[in-house]
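Shown next, in structure tokens, is the structure this report addresses.
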Amino acid sequence: MNSLKTSSINAAKWNFFANIGSYFISFFLSIILARILEPKEFGMTGMLAVFIAIAVVFINSGISVAIVRSKDITEDDYSTAFYFNVVVGLFFYSLFFILSPLIADFFNEPILVPLTKLLSLVFVINSFGIIQNTILIKEINLKKQSICYLLGMLVSAIVSAIMAFNNYGVYSIVGQSISQALTTNILFWLTSKWKPSGRFKFNSFRKIWSFGSKVLATNLVSTFVDNIDNFLIGKIFYANQLGYYVRAKSSKIMPEQILTNTLQATIFPILSKVNDNDNLFLQYHLKFYNLAVYIFLPVVFGFIAVAKAFTIVLYTEKWLPSVPFLQIIILSSISIFLSAFFNQTIMAKGEGNLYMKLNTIKKLIGLFSIPFGVFWGLIPFLWAFVFISVVSLSIDYYFVSKLLKISMKYYFIKLFKPLVLSIAMFLCAYAILFLPIANYYVVFLTQIFTGVFVYIFLSSIFRIEEFLYLKEIVFGKSHHFF
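As structure tokens, this is what we get:
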């Protein structure tokens, strides 16, 4: 038990380290590429996102999850999974190689022919390292895994930046994907003791596929819905419009993922420890909810306020058309963040079936935003996406409140104060844009300082409990939150 506890703690540390490291590398690379490349070039690779993502899901096939959860995996099982992944990887490479002219014709972009052929190499490269990576996860050896991923990201960032500076254009984005896959998987082979030595056995395949196929089905629906926006915008609108959208989406994902991953790494293990005590579980769940909305709401509204200055300072004025997109879709981050929180609660309660049903339903509901894009344009599509994300969150509220036997009204009451404070903070920070300040670096820093000051000041005046708890952590003063 102590050994498992130590391994879990070390794994959590390395997972956090890898997340933060990868975010910083991606962030700085995105600044470099955005300053050098044109929006249309980002749109080109965005058009291929849905095809690439679905192929990756098929290559993995849920087999990794099946291997990690199984306790009686044999050498033949590992080898069977390895050979299967390689065959599927080669199949999808061949498929996309053949279909590349059709994909280019579909989007009316001839350059997609060589781009598709090059990006498809990632399928083959990744298929050779999936099992080595899975074994590291199964052994809770996230130190090796994190180092491989970070070195892969670092090498690919350097390759991509060099290509961009040497005027390779959109190929610098492709170069990043290929060099990252190549570096990471070579490192997996060098650090892993396992090498394929067994044979492909149908009994082994049936054993791991019986569970893996269920994961595959769920992931396919999720991946399709998550990437349909790029597909739709790339087909109906121009490539540069998709480029602006990709930039806006990338900007909003970073704070969303950092806070969501931190939330998931913290909440699930704690709630899992008290899932046999309904009263204590509910108490912790509600406290975490209060803290989550108090921290995340000002991040979202603050981002809306600084979006223009943020874009000019980091990405230059050529990306200004992406600002309205960012200000709209960042609102969906509230629903995504809280949905992730409720997912952790459901899983900690051991309600795996409810988790799968809820997420499948919510993903399918997300498809209803598509007609708005087809018939009314990009901005209505984004607003429809935000509205549907709120509907999906309402479904979470309903089922979690039933699961925990609590009124939905409690959640909305606790949402009210942070929402009012966040809106007040937004108005003060946004007002800075109307001051006669020509330097956007000064505007950006002034907006951040104003927003943080207003939110803290109002929290102190109104004695917000979550603020007092965070103040206790920082200054060590006594205030009991749990």
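The numbering of the sequence shown is my numbering, which starts it at -10 and goes up by one. Ideal Cβ positions, reconstructed from N, Cα and C, are used throughout, including at glycine. All values reported here derive from a predicted model rather than from experimental measurement.
In three-state terms, what does DSSP make of residue i?
i, result
"Ile120", "helix"
"Ile105", "Note on identity: in this sequence residue 105 is Thr, with Ile being the wrong assignment. Residue state, collapsed to three classes: helix."
"Arg452", "coil"
"Asp265", "coil"
"Pro287", "helix"
"Ile319", "coil"
"Leu347", "helix"
"Lys184", "coil"
"Ile21", "helix"
"Met(-10)", "Confidence at Met(-10) is low in this model, with a pLDDT of 47, below 50, so its placement is unreliable and the value that follows should be read with caution. Residue state, collapsed to three classes: coil."
"Asn428", "coil"
"Thr439", "helix"
"Tyr157", "coil"
"Phe471", "Low confidence applies to Phe471: its pLDDT is 48, below 50, so where it sits in the model is not reliable enough to give any reading."
"Gly232", "helix"
"Gly223", "helix"
"Ile100", "coil"
"Tyr458", "helix"
"Asp215", "helix"
"Thr334", "helix"
"Glu306", "helix"
"Glu128", "coil"
"Glu245", "helix"
"Gly10", "helix"
For a quick check, are the C-beta atoms of residue i and residue j less than 9 Å apart?
i, j, result
"Phe277", "Leu260", "yes"
"Ile325", "Glu245", "yes"
"Ile136", "Thr180", "yes"
"Asn8", "Asn250", "yes"
"Ser166", "Met152", "no"
"Leu205", "Asn219", "no"
"Tyr419", "Trp308", "no"
"Lys127", "Ile52", "no"
"Gln436", "Val263", "no"
"Ile92", "Phe85", "yes"
"Phe433", "Val288", "no"
"Phe71", "Pro185", "yes"
"Thr439", "Ile421", "yes"
"Ser202", "Thr69", "no"
"Ser411", "Leu315", "no"
"Gln121", "Phe47", "no"
"Phe257", "Ala337", "yes"
"Leu107", "Val163", "yes"
If you follow the alpha helix (DSSP H) that residue i is in, where does it begin and where does it stop?
i, result
"Asp65", "Glu64 to Phe96"
"Ile167", "Tyr160 to Thr180"
"Ser378", "Leu367 to Leu393"
"Gly141", "Leu131 to Phe154"
"Phe401", "Met397 to Ala420"
"Pro28", "Pro28 to Met36"
Between residue i and residue j, how many whole angstroms is the CB-CB distance? I'm expecting something under 8 Å.
i, j, result
"Ile43", "Phe213", "6 Å"
"Ser311", "Ala237", "4 Å"
"Lys403", "Asn279", "5 Å"
"Ser116", "Gly141", "With a Cβ gap of about 16 Å, Ser116 and Gly141 do not count as contacting."
"Val235", "Leu320", "Not really, about 18 Å apart at Cβ, beyond 8 Å."
"Pro313", "Ile368", "7 Å"
Shortest alpha-carbon distance to residue i belongs to which of the options?
i, options, result
"Leu408", "Val77, Thr63, Ile323 and Asn97", "Ile323"
"Phe330", "Asn74, Leu382 and Ile301", "Leu382"
"Ile445", "Ser186, Thr435 and Phe456", "Phe456"
"Ile25", "Val210, Phe189 and Tyr304", "Tyr304"
"Tyr387", "Asn332, Ser68 and Leu356", "Asn332"
"Gly291", "Met414, Phe13 and Leu447", "Met414"
"Leu356", "Lys106, Glu340, Val380 and Ala337", "Val380"
"Gly158", "Phe96, Gly32, Phe95 and Gln121", "Gly32"
"Gly118", "Leu140, Val75 and Leu101", "Val75"
"Val389", "Tyr430, Pro369, Leu347 and Ser145", "Leu347"
"Leu88", "Glu64, Lys338, Leu37 and Asp61", "Leu37"
"Pro99", "Cys417, Ala228, Phe270 and Phe405", "Ala228"
"Ser109", "Val45, Thr255, Trp365 and Leu275", "Val45"
"Phe405", "Val282, Ser149 and Gln134", "Val282"
"Asp65", "Arg195, Ile20, Leu107 and Phe464", "Arg195"
"Phe154", "Lys391, Ser83, Asn216 and Ala23", "Ala23"
"Thr123", "Asn174, Gln169 and Ala146", "Asn174"
"Ala170", "Phe73, Leu139, Ile354 and Lys182", "Leu139"
"Asp265", "Leu393, Leu104 and Pro103", "Leu393"
"Cys417", "Phe401, Phe442, Met397 and Lys398", "Phe442"
Output yes if chain C places a C-beta closer than 9 Å to the C-beta of residue i; else output no.
i, result
"Leu280", "In summary, chain C is missing from the structure at hand, where a single protein chain is found."
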